[in-house]
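All residue numbers for the sequence shown refer to the numbering used here, where the first residue is 9 and numbers rise by one.
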Amino acid sequence: MGVLNYKEDYVFWRLANYFIAEQGYRIIQLFENQKELWLEKLENNKNPILRLLRQDLDWSNSMQRDIEFTASNGEKIRKQIGRGELSVVNIYISQFPPVDEYEYRLKSPYIFPNGNKTSVSSVLLTRDQYDSGFKVLSTILEREVSFPIHDTYSEQEVVSEKKAALDSAVKKEKSERAAFANGRPFFTYAFMIIQIAIFLFLEIQGGSTNNTTLIKYGAKYNFYIYDGEWWRFITPIFLHIGLMHLAMNTFSLYYLGTAIEKMYGSFRYLVIYLFAGVTGVIASFLFSQSVSAGASGAIYGCFGALLYFGITYPKLFSRTMGASVIGILVINLIISFTIPGIDEAGHLGGLAGGFLAAGIVQFPKKKKPYLQTLFFVMSCAIVWGSLTYAFSDKVKARDESYILVVQDYVYNENYDEAYNVLKRVEKITKNPPAQFYFSLSIVETRKGMLNDGKGHLQKAIQLEPNFPDAYYYLALICLEEGDLEQAKMNAEKAVELMPEQREYSELVQEINRLLPSFDGGE
């Protein structure tokens with residue numbers, strides 16, 4: 009009685025185990041008869057899809073029909089994974105080759121005729137031609153594929169190899185799932201509740217779109233930060249400007265925040281979110297003088313943490329979320345740079361901050377002391393350098409963020425508050441620009457402080473001789489004081505600098521009507 013030989017079954021599962029355990033492939037589909045197996049490796053578009061078929065071939069026509077079926081199925085997979093082109097390596101494990109001529113069917117890849125985007129390269133491994141078959145397969149895959157093959161194998165050896173291949177696949181899948189199960193999204197939900205509650209509070213206090221209200225309750229306002237209110241690097245993260253702003257950031261936080269908190273764990277997520285939020289505010293402070301608020305910088309920090317995950321685990325990132333994350337990030341960056349009123353500096357600062365914070369905290373049970381120290385030092389250097397530059401006298405002198413608030417106070421006839429703001433600016437700025445003295449003079453004249461207002465207008469003109477508004481308002485003060493000649497001279501200078509300004513020329517005409525005529529003498 010003869011002994012059954014499971015040689016081809018063993019080769020089938022030995023190949024499967026090699027590709028899964030050693031080459032990082034994962035199972036797309038294992039047919040019910042466990043004679044056909046499809047494998048993928050999506051980390052690199054150059055990697056082909058592998059199809060292993062354990063089947064004893066008879067005629068080459070049957071082989072050709074099977075190749076065409078493989079191409080058709082490969083085209084479906086190509087569309088599902090969104091590749092522009094796809095190559096399939098079709099590996100036959102058969103006891104004997106077809107009985108008729110078949111070699112010409114394997115010489116060149118078969119191209120799926122509908123679109124010409126999927127190609128199938130077929131390799132035949134048979135009992136007496138394994139060495140030559142492995143050489144062809146190694147050439148196609150551009151890596152050595154070979155292992156010793158004995159004359160006979162038992163069923164138990166096949167079962168053992170099959171178990172090893174499937175165990176590797178299951179272990180890989182569990183490892184991937186574990187990377188997304190390191191914590192529950194406690195802080196994400198907490199942040200969502202906090203920002204909604206603060207938004208409602210702002211609405212009650214005067215409106216979330218009101219600059220005065222926003223500044224009062226912690227928005228990023230450069231001037232107050234220069235005046236020592238460092239807490240404004242943190243509080244803007246929880247404030248939002250209008251219902252749409254709140255809705256968009258809450259929606260984004262729900263999807264991105266929960267993913268990052270599960271991936272990194274709650275404590276690490278807290279560090280990433282807050283650090284990214286702060287770096288976003290610092291970037292906004294450095295490059296924008298507008299009043300700003302919102303969780304956008306912290307949310308972009310979640311993108312940064314995802315990118316760090318992608319660099320650390322490129323295979324898993326590519327397979328699970330890579331294309332979608334990069335696509336969403338690119339769309340958001342385009343929106344940031346094309347729609348007016350969006351603080352793109354804050355977004356980019358948050359993105360960088362999230363990436364750096366992820367490098368500092370790393371992943372649970374994945375400590376890398378040297379790398380973490382490097383990221384910590386880099387983060388400290390960037391933050392310190394940014395703040396040192398931002399607080400330099402040269403940069404502080406250019407800051408005019410106070411003007412917007414002063415204008416709001418003046419518009420609402422709250423001249424005392426406007427005056428207090430400007431005096432604080434004068435205190436912390438060594439060499440205020442001409443615009444500062446002009447703004448101060450306007451407030452002082454509204455408060456009835458004509459002498460002070462006049463002196464500051466003269467100071468503005470001294471700093472910027474071609475300042476038409478300063479000449480115009482100086483002319484008004486001189487007119488109020490009864491100094492018509494000086495008023496006329498200043499009004500005419502304003503007209504000279506900006507002749508198209510109608511109110512300047514009208515003031516000159518009014519002064520001329522008030523001046524006595526010297527044509528006939530007295």
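The beta carbon of each residue, even a glycine, is placed where N, CA and C say it ideally should be.
| Item | Value |
| --- | --- |
| So for Q37, helix, strand or coil by DSSP? | strand |
| Would you please state the rounded distance, in angstroms, between the beta carbons of I85 and I57? I believe it to be under 8 Å. | 6 Å |
| Just to confirm before moving on: does the CB-CB distance between A502 and Q509 stay below 9 Å? | yes |
| Roughly how far, in whole angstroms, is the beta-carbon of L60 from the beta-carbon of I99, given that I think they are within contact range, below 8 Å? | 5 Å |
| Between the alpha carbons of S513 and L482, how many angstroms are there, rounded? | 15 Å |
| When the Cα atoms are used, what is the spatial distance from Q88 to A301? | 41 Å |
| For the alpha helix (DSSP H) containing N13, list its first residue and its last residue. | Careful: N13 lies outside any alpha helix (DSSP H) and carries neither H nor E. |
| What does the alpha-carbon distance come out to for the pair Q203 and Y225? | 13 Å |
| Rounded C-beta distance between F446 and L465? I'm assuming under 8 Å. | 7 Å |
| Helix, strand or coil, according to DSSP, for T287 in the structure here? | helix |
| Look up L1 in the DSSP assignment and say whether it is helix, strand or coil. | Outside the shown range of the chain, which is 9 to 530, sits residue 1, and nothing can be said about it. |
| So who's on the other strand from R59, going by DSSP bridges? | W46, N98 |
| Could you give the first and the last residue of the continuous alpha helix (DSSP H) run that contains S447? | 442–454 |
| Quick one: Cα of A398 to Cα of Y410, how far? | 16 Å |
| Can the beta-carbon of L247 be found closer than 9 Å to that of A267? | no |
| Report the CB separation of K143 from R34 in whole angstroms; it is logged as a contact under 8 Å. | So it is not a contact: roughly 26 Å between Cβ atoms. |
| With H, G and I counted as helix, E and B as strand and the rest as coil, what does DSSP make of K224? | helix |
| Pick out whichever of K467, I290, I436 has its Cα sitting closest to the Cα of S449. | K467 |
| For the beta strand (DSSP E) that V131 lies in, which residues bound it at each end? | 126–134 |
| Would you call T453 buried or exposed, if buried means 16 or more other Cβ atoms sit within 10 Å of its Cβ? | buried |
| If we count the other Cβ atoms within 10 Å of its Cβ and call it buried at 16 or more, is T381 buried or exposed? | exposed |
| Cα separation between L65 and T196? | 58 Å |
| If R113 and I75 are in contact, beta carbons under 8 Å, what's the gap, nearest whole angstrom? | 7 Å |
| Do you know offhand how far R521's Cα is from N230's? | 46 Å |
| With H, G and I counted as helix, E and B as strand and the rest as coil, what does DSSP make of S300? | strand |
| Can you tell which of T217, D139, L208, K54 has the C-alpha that lies nearest to the C-alpha of I101? | D139 |
| Tell me whether I119 sits in a helix, a strand or coil according to DSSP, three-state version. | strand |
| Taking its Cβ as the centre, do 16 or more other Cβ atoms sit within 10 Å of C388, making it buried, or is it exposed? | exposed |
| Apart from the five residues just before and just after V403, which ones in its own chain have a Cβ nearer than 7 Å to its Cβ? | Y397 |
| What are the boundary residues of the alpha helix (DSSP H) that A29 is part of? | Element bounds for A29: n/a, residue is neither H nor E. |
| Tell me which residue opens and which closes the alpha helix (DSSP H) that H464 is part of. | 458–471 |
| What is the rounded straight-line gap between the Cα of P377 and the Cα of S146? | 40 Å |
| Going by the CB atoms, is the gap between L251 and S216 shorter than 9 Å? | yes |
| Could you pull the start and end residues of the alpha helix (DSSP H) that G273 belongs to? | Per DSSP, G273 belongs to no alpha helix (DSSP H) and is neither H nor E. |
| Return the chain-ordered list of same chain residues with a C-beta closer than 6 Å to the C-beta of S130, the five sequence neighbours on each side being excluded. | I75, N98, L114 |
| Closest to C486 by CA distance: which of P507, L471, L515 is it? | L515 |
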